[in-house]
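Peer 1: Here it is, the structure, as structure tokens.
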Amino acid sequence: MLDRQVAPPVQPLASVTLPAADVFSLPNGARLHVLRNDAQPVVRLQIVFKAGKWYEPAPGISLLTARMLLEGTTTRTARQIADEVAFYGASLECEQGFDRATLTLYCLTRHLPKLLPLIQDVVTAPIFPVPELEQLKTRTIQNVRVERQKTSYLASERFSHNLYGAHYPYGNVFDEQLFSLISQSAVQAYYHTNYALSQADIFICGDIPQEHETLVTELFGQSTPATTASPSTSQALHEPVSGPLQYYVSVTDSIQSSLRIGRLWPTLDHADTHRLQLLVKVLGGYFGSRLMKNIREDKGFTYGIYASISPREHASSFVIGTDVNANSADAAIKEIQYELRVLQHELIPADELQTVKNYMTGKFANELSTVFEQCDKYKSIVFFGLPANYYATFIEQVNQTSAEQLLSLAQHYLSPEKMLEVIAGPKL
Numbered sequence: 234m235l236d237r238q239v240a241p242p243v244q245p246l247a248s249v250t251l252p253a254a255d256v257f258s259l260p261n262g263a264r265l266h267v268l269r270n271d272a273q274p275v276v277r278l279q280i281v282f283k284a285g286k287w288y289e290p291a292p293g294i295s296l297l298t299a300r301m302l303l304e305g306t307t308t309r310t311a312r313q314i315a316d317e318v319a320f321y322g323a324s325l326e327c328e329q330g331f332d333r334a335t336l337t338l339y340c341l342t343r344h345l346p347k348l349l350p351l352i353q354d355v356v357t358a359p360i361f362p363v364p365e366l367e368q369l370k371t372r373t374i375q376n377v378r379v380e381r382q383k384t385s386y387l388a389s390e391r392f393s394h395n396l397y398g399a400h401y402p403y404g405n406v407f408d409e410q411l412f413s414l415i416s417q418s419a420v421q422a423y424y425h426t427n428y429a430l431s432q433a434d435i436f437i438c439g440d441i442p443q444e445h446e447t448l449v450t451e452l453f454g455q456s457t458p459a460t461t462a463s464p465s466t467s468q469a470l471h472e473p474v475s476g477p478l479q480y481y482v483s484v485t486d487s488i489q490s491s492l493r494i495g496r497l498w499p500t501l502d503h504a505d506t507h508r509l510q511l512l513v514k515v516l517g518g519y520f521g522s523r524l525m526k527n528i529r530e531d532k533g534f535t536y537g538i539y540a541s542i543s544p545r546e547h548a549s550s551f552v553i554g555t556d557v558n559a560n561s562a563d564a565a566i567k568e569i570q571y572e573l574r575v576l577q578h579e580l581i582p583a584d585e586l587q588t589v590k591n592y593m594t595g596k597f598a599n600e601l602s603t604v605f606e607q608c609d610k611y612k613s614i615v616f617f618g619l620p621a622n623y624y625a626t627f628i629e630q631v632n633q634t635s636a637e638q639l640l641s642l643a644q645h646y647l648s649p650e651k652m653l654e655v656i657a658g659p660k661l
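Heads up: take any position in the sequence shown, counting from 1, add 233, and you land on my numbering.
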């Protein structure tokens, strides 16, 4: 008889294998990546360009170009694009990140052939109309003004600026005046340089009949924008130059202070990358972490605190973030430093370490439950230049990591004296 008072046994996750992608070089030079899964009649198409913040000649231009891509083409207005997408119950957006810009379409498999000509039109024939461009600039400036009333935004903005330096693409701070001066011709020039299909990676995943794959090849393997110059890589000559270790952003009328504490971090191809993720999880990567137990549960300084790694293609960072009552800011920082030093001087108990390992491996397996999530992991392998078995070895390395190894890593990477600290709030 089943005893419901006894928890079921926990079986350790032995291994996880990502499905293999079929990769094709299209006639124009683009790469097509295909991951098939017919469990549901849905498909996701993503066209990824080297058009993120890293490549922009002026701060903000990559954001404007990505957002303006859906604002009209030579044959369709923005309203017509939106109506056509909505008619088929699909979703279409273009987002810019630190390294890449991605045009993403979700739709039912049977509607893909009808939507592909629209996607081709959006990618190859945008017109960047001036009225819509000016409206977008105005909305963006207004949104940033609203965000800059929040201590959390100010702390994160200044932390990135101080961590990478003013001249590093990841450290650029939004400049309202310069942003407002970006012209239509500048956006068009950036588009022609950075949105060439010949330089794109195209990912299609889900229920993909062969005839749909053939149509993607025909439409996106031949068509390219008028200019196919290589994206600017002049920014790659810069190296991150971190600023002052302590910095205060004064927000006089706030009763809250936001803290950001961290440092530059090894990139994903580092030999200890999986062990470092485990170390950060112990510190502040889940609800039962040490920072949560101390800062939230014991001291009551905050509703939440986290420690995380932000991997990017050219530099990565580690950050601890929380929002506290302004009167508790100094005490919270001291407790954070205390937890860092404990990890540097004491072995993590076996039961705690096993709990975190179980959490990480279980969460990782859950993140592979759909073909879209599997494709996201595969994209990381492609763009970060990781070995093909990167995720296959994740479970093995996490499970085999010892407390002694984590102690050594903490001594090397978690010294409070080497962390940047940014506080945004009132000076008391």
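Ideal Cβ positions, reconstructed from N, Cα and C, are used throughout, including at glycine.
If you're wondering where the values come from, they're calculated on a predicted model, not measured in any experiment.
Just to confirm, is the Cβ distance from I314 to L303 under 8 Å?
Peer 2: Your numbering for residue 314 matches position 81 in the sequence shown. Your numbering for residue 303 matches position 70 in the sequence shown. Cβ atoms of I314 and L303: closer than 8 Å.
Peer 1: Using the C-alpha atoms, what's the distance from Y539 back to K532?
Peer 2: Start at 1 with the first residue of the sequence shown, and residue 532 comes out as number 299. Start at 1 with the first residue of the sequence shown, and residue 539 comes out as number 306. If you take the alpha carbons of K532 and Y539, they lie about 15 Å apart.
Peer 1: On the DSSP bridge assignment, give the partners of G439 in chain order.
Peer 2: The residue labelled residue 439 in the question sits at position 206 within the sequence shown. G439 is bridged to R269, V276.
Peer 1: For L512 versus L642, is the C-beta distance shorter than 8 Å?
Peer 2: What you label residue 512 is simply residue 279 of the sequence shown in a count that begins at 1. What you label residue 642 is simply residue 409 of the sequence shown in a count that begins at 1. Their beta carbons are under 8 Å apart, which means L512 touches L642 by this criterion.
Peer 1: Measuring alpha carbon to alpha carbon, tell me which of V589, R391, V355 ends up nearest V482.
Peer 2: Translated into positions along the sequence shown, residue 482 becomes position 249. The shortest Cα separation from V482 among V589, R391, V355 belongs to R391.
Peer 1: From what residue to what residue does the beta strand (DSSP E) around R493 run?
Peer 2: Along the sequence shown, one-based indexing puts residue 493 at 260. Its beta strand (DSSP E) spans residues 489-498.
Peer 1: Reducing DSSP to helix, strand and coil, say where G554 ends up.
Peer 2: Along the sequence shown, one-based indexing puts residue 554 at 321. Reduced to three states, the DSSP call for G554 is strand.
Peer 1: When the Cα of R493 is compared with those of Y428, I566, I528, which residue comes out closest?
Peer 2: Residue mapping note: residue 493 aligns to position 260 of the sequence shown, counting from 1. The shortest Cα separation from R493 among Y428, I566, I528 belongs to I566.
Peer 1: So G618 is in the alpha helix (DSSP H); what residue range does that whole segment cover?
Peer 2: Translated into the one-based positions of the sequence shown, residue 618 becomes position 385. From DSSP, G618 is part of no alpha helix (DSSP H); its letter is neither H nor E.
Peer 1: Under the rule that 16 or more other beta-carbon atoms within 10 Å means buried, what is D434, buried or exposed?
Peer 2: Mapped onto the sequence shown, residue 434 falls at position 201. Flag for D434 reads buried.
Peer 1: Just reading off the alpha helix (DSSP H) that V589 is part of, what are its end residues?
Peer 2: Position 356 of the sequence shown holds residue 589. Run containing V589: 583-599, per the alpha helix (DSSP H) assignment.
Peer 1: Name the one or two DSSP bridge partners that I656 has.
Peer 2: Position 423 of the sequence shown, counted from the start, is the residue given in the question as residue 656. According to DSSP, which records beta bridges pairwise, I656 is partnered with Y481, L492.
Peer 1: Within the same chain, show all residues whose beta-carbon is closer than 7 Å to that of G658, passing over the 5 residues directly before and after it, in chain order.
Peer 2: Locating residue 658 in the sequence shown gives position 425, where the first residue counts as 1. Within the same chain, G658 has close Cβ partners T384, V484, S487, Q489, S490, S491, A559, A562.
Peer 1: Can you name, in chain order, every residue of its own chain whose Cβ lies under 8 Å from the Cβ of S324, other than the five neighbours on each side?
Peer 2: Numbered from its first residue, the sequence shown carries residue 324 at position 91. Within the same chain, S324 has close Cβ partners V318, T337, L338, Y339, C340.
Peer 1: Measure the beta-carbon distance from S549 to P499 and round it to whole angstroms, keeping in mind my assumption that it falls under 8 Å.
Peer 2: Within the sequence shown, the letter at position 316 stands for residue 549. Within the sequence shown, the letter at position 266 stands for residue 499. Rounded, the Cβ-Cβ distance is 7 Å, consistent with contact.
Peer 1: Could you give the uninterrupted runs of the alpha helix (DSSP H) lying entirely in the segment 379-454, keeping only those of 4 residues or more?
Peer 2: The qualifying runs are 384-397, 409-413, 417-427, 443-453.
Peer 1: Could you spell out where the alpha helix (DSSP H) holding A712 opens and where it closes?
Peer 2: Any property of residue 712 remains undetermined from this structure, which presents the chain solely from 234 to 661.
Peer 1: Taking the C-alpha atoms as reference points, what is the distance between I415 and L369?
Peer 2: In the sequence shown, residue 415 corresponds to position 182, counting from 1. In the sequence shown, residue 369 corresponds to position 136, counting from 1. Cα to Cα, I415 sits roughly 11 Å from L369.
Peer 1: If you measure between the beta carbons of Y403 and F320, is that distance less than 8 Å?
Peer 2: For the purposes of this step, residue 403 is identified with residue 170 of the sequence shown, where counting begins at 1. For the purposes of this step, residue 320 is identified with residue 87 of the sequence shown, where counting begins at 1. No. Outside cutoff.
Peer 1: Taking its Cβ as the centre, do 16 or more other Cβ atoms sit within 10 Å of Q410, making it buried, or is it exposed?
Peer 2: For this step, residue 410 is matched to residue 177 along the sequence shown. When all chains shown are included, Q410 counts as exposed.
Peer 1: In or out: F572 buried (at least 16 other Cβ within 10 Å) or exposed?
Peer 2: Looking up residue 572 in the sequence shown gives position 339. Reading off the sequence shown, one finds Glu at residue 572, where the question assumed Phe. Looking at its Cβ environment, which holds 16 or more other Cβ atoms inside 10 Å, E572 is buried.
Peer 1: Could you tell me which whole alpha helix (DSSP H) segments of length 4 or greater appear in the segment 299-349?
Peer 2: For the segment 299-349, whole alpha helix (DSSP H) runs of length 4 or above, ordered along the chain, are 311-320.
Peer 1: Over the uninterrupted beta strand (DSSP E) stretch that includes V728, give me the two end residues.
Peer 2: This structure gives no information on residue 728, because the portion of the chain shown stretches from 234 to 661.
Peer 1: Our contact map puts F617 next to L501 with C-beta atoms below 8 Å; I'd like the distance itself, whole angstroms only.
Peer 2: Your numbering for residue 617 matches position 384 in the sequence shown. Your numbering for residue 501 matches position 268 in the sequence shown. Sure, about 5 Å apart at Cβ, within 8 Å.
Peer 1: First and last residue of the alpha helix (DSSP H) that includes S541?
Peer 2: Working through the sequence shown from its first residue, we reach residue 541 at position 308. Segment 538-543 is the beta strand (DSSP E) holding S541; no alpha helix (DSSP H) there.
Peer 1: Under a Cβ-count criterion, where at least 16 other Cβ atoms within 10 Å of its own Cβ denotes burial, should D556 be classed as buried or exposed?
Peer 2: The residue given as residue 556 occupies position 323 in the sequence shown. Its Cβ being crowded by 16 or more others within 10 Å, D556 is buried.
Peer 1: Determine the contact status of F597 and F627, defining contact as a CB-CB distance below 8 Å.
Peer 2: Mapped onto the sequence shown, residue 597 falls at position 364. Mapped onto the sequence shown, residue 627 falls at position 394. In this structure, F627 lies closer than 8 Å to F597 by Cβ.
Peer 1: State the DSSP-derived secondary structure class of A459, mapped to helix, strand or coil.
Peer 2: Position 226 of the sequence shown, counting from 1, holds the residue named residue 459. Residue placement at A459 cannot be trusted, given a pLDDT of 42 that sits under 50; what the coordinates show is reported in the next sentence. In the structure shown, A459 sits in coil (DSSP, three-state: anything other than H, G, I, E or B).
Peer 1: Can you give me the C-alpha to C-alpha distance between M664 and I437, rounded to a whole angstrom?
Peer 2: Nothing about residue 664 can be reported from this structure: the residues present for the chain run from 234 to 661 only.
Peer 1: Where P362 and M593 are concerned, what is the direct C-alpha to C-alpha distance, given to the nearest angstrom?
Peer 2: Numbered from its first residue, the sequence shown carries residue 362 at position 129. Numbered from its first residue, the sequence shown carries residue 593 at position 360. When rounded, the distance between both Cα atoms is 47 Å.
Peer 1: Please name the residue or residues paired with F361 in a DSSP beta bridge.
Peer 2: Residue 361 sits at position 128 when you count from the first residue of the sequence shown. According to DSSP, F361 bridges with nothing at all.
Peer 1: Here's the rule: buried if 16 or more other CB atoms are within 10 angstroms of the residue's CB, otherwise exposed. What is H507?
Peer 2: Locating residue 507 in the sequence shown gives position 274, counting from the first residue. Classification for H507: buried.
Peer 1: Give the range of the alpha helix (DSSP H) segment to which R529 is assigned.
Peer 2: Start at 1 with the first residue of the sequence shown, and residue 529 comes out as number 296. That residue, R529, is in no alpha helix (DSSP H); it is neither H nor E in DSSP.
Peer 1: Work out the CA separation of P350 and L278 for me, nearest whole Å.
Peer 2: Indexing the sequence shown from 1 puts residue 278 at position 45. Indexing the sequence shown from 1 puts residue 350 at position 117. Roughly 13 Å separates the two Cα atoms.
Peer 1: Would you identify the three-state DSSP class for S549, choosing helix, strand or coil?
Peer 2: The residue labelled residue 549 in the question sits at position 316 within the sequence shown. Looking at S549 - three-state DSSP - the assignment turns out to be strand.
Peer 1: According to DSSP, what are the bridge partners of F282?
Peer 2: Taking the first residue of the sequence shown as position 1, residue 282 is located at position 49. Note: F282 sits in a beta bridge opposite A334.
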